[in-house]
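Q: Chains as they are written, first to last, in our numbering: chain A, 575 to 694; chain B, 23 to 136. Pasting a structure below so you can have a look.
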């Protein structure tokens, strides 16, 4: 079935360090891929997304590339800040044939989340 | 301001005492969903709704009910709460058309069942 696996946390980095959070997926068809971020005490919010192979999503200095050959969507940032401390969730939306008609009925499937702590 | 509003944000209750967590969105979204978040398990979907009067089970629906009588509201009902329903609950919504619709989340409702 469809699933998302992301690296276990917590991840602790010093400010300005390079960040990679691994995410791999299993899916039938052509899923869309997402990274959501949850800051302390808040709900999740979309960080970036990619809809097809080789697409690169980017936002706030974060990037992730949709790699179909390795079924991966790893999150990267070149220089993290203390304000990036949060829980990061990789997610996929199942794609179904009916989606071609414009109505997406796909539910999001989330990974378990990776907690990132950035120290000054 | 576009938002998803949940109430209450925090609740402590006892086993068997019925409770309702309300969810309201002001973005005219067709799709709404409830998730629970537990340590080590991530987010798991409880129920979702494609539109008014259309609801369906997610991955962990046991012990929960929902209703969708109005487009903006999607309450989560726990008829007889049990301690294993102690969790952090999130409501979310998005537009239905297209495959890229961003899911907007509420701030969460932390429920403790004693």
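Ideal Cβ placement from N, Cα and C applies to all residues, glycine included. The structure presented is a predicted model; accordingly, all values stated were derived computationally and were not measured.
Does the beta carbon of residue 650/A sit closer than 8 Å to a beta carbon anywhere in chain B?
A: no
Q: At a Cβ threshold of 8 Å, is residue 96/B touching chain A?
A: no
Q: Within 8 Å (strictly less), CB to CB, does residue 107/B reach chain A?
A: Among the CB atoms of chain A, none fall inside 8 Å of the CB of residue 107/B.
Q: Which residue marks the beginning of the beta strand (DSSP E) containing residue 49/B, and which one marks its end?
A: Taken as a continuous stretch (DSSP letters only), residue 49/B belongs to no beta strand (DSSP E), as it is neither H nor E.
Q: Would you report the Cα separation of residue 609/A and residue 98/B, rounded to the nearest angstrom?
A: Residue 609/A and residue 98/B: Cα-Cα distance of roughly 26 Å.
Q: Check whether chain B comes within 8 Å of residue 583/A, counting only Cβ atoms and requiring the distance to be less than that.
A: no
Q: Can you confirm whether the region 44-53 of chain B touches the region 87-104 of chain B when touching is taken to mean that 3 or more C-beta pairs between the two stretches lie within less than 8 Å?
A: Between the region 87-104 of chain B and the region 44-53 of chain B, the count of Cβ pairs shorter than 8 Å is three or higher; the stretches touch.
Q: Measuring only from the beta carbon, is residue 602/A closer than 7 Å to any heavy atom that is part of the ligand SAM?
A: No copy of the ligand SAM occurs in the structure displayed, which carries no ligand at all.
Q: Run the CB neighbour count on residue 607/A, radius 10 Å, all protein chains shown included, and call it buried at 16 or more, exposed below.
A: buried
Q: Is residue 29/B helix, strand or coil by DSSP?
A: strand
Q: For residue 603/A, tell me which candidate among 687/A, 648/A, 666/A, 694/A has the shortest Cα-Cα distance.
A: 666/A
Q: Compare the Cα-Cα distances from residue 58/B to each of 117/B, 116/B, 119/B, 108/B and report the closest residue.
A: 108/B
Q: Just tell me which of 692/A, 691/A, 686/A, 693/A has its CA closest to the CA of residue 578/A.
A: 686/A
Q: Closest to residue 575/A by C-alpha separation, out of 605/A, 588/A, 635/A, would be which residue?
A: 605/A
Q: For residue 62/B, tell me which candidate among 680/A, 658/A, 649/A, 583/A has the shortest Cα-Cα distance.
A: 583/A
Q: Taking a Cβ distance cut-off of 9 Å, strictly less, list which residues of the region 30-50 of chain B are near chain A, in chain order.
A: none
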